[in-house]
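Residue numbers (our numbering): 547 to 699.
Glycine included, every Cβ here is placed at the ideal spot set by N, Cα and C.
This one's a predicted model, so the numbers in the text were calculated from it and none came from an experiment.
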């Protein structure tokens, strides 16, 4: 697992009741939710595909990914991944914050399953726990394959 700095600039947002953050250097932009078309054969946390700046882009529901329940997207956060941009459907955007990751309440691997692969570290903002997300791992191969099939059909 990559090492996480003890304090870093991050975009902080809600995913249901969870407070989450992405490293600021992974964030491309935030926007209102775009029209999203469902994709067959994708995991439940994939809302579908949207066209973002002229490019077909997978949309991931962060609340469903982390908690298993679908949130009501208030914003899309476009992030960079190794295979292209991804739109993360989130709740309220809190803003850009310096996040303290040194006071961890537990190792991300303790979260288990899919969440442990997505969470780079656990920090705090005030007295509230904060999950630091790794956007580079958010999209499984089957999502990219379904998105490519939707574009070519």
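Residue 569 sits buried, since 16 or more C-beta atoms from the chains shown fall within 10 Å of its C-beta.
Under the three-state reduction of DSSP, residue 585 is assigned to coil, being neither helix nor strand.
For residue 598, the closest C-alpha among the options 576, 687 and 553 is that of 576. If you look at residue 610, you'll find it in the alpha helix (DSSP H) that goes 608-613. The DSSP-derived three-state label of residue 580 is coil.
Per the C-alpha coordinates, the member of 633, 559 and 614 positioned closest to residue 579 is 633.
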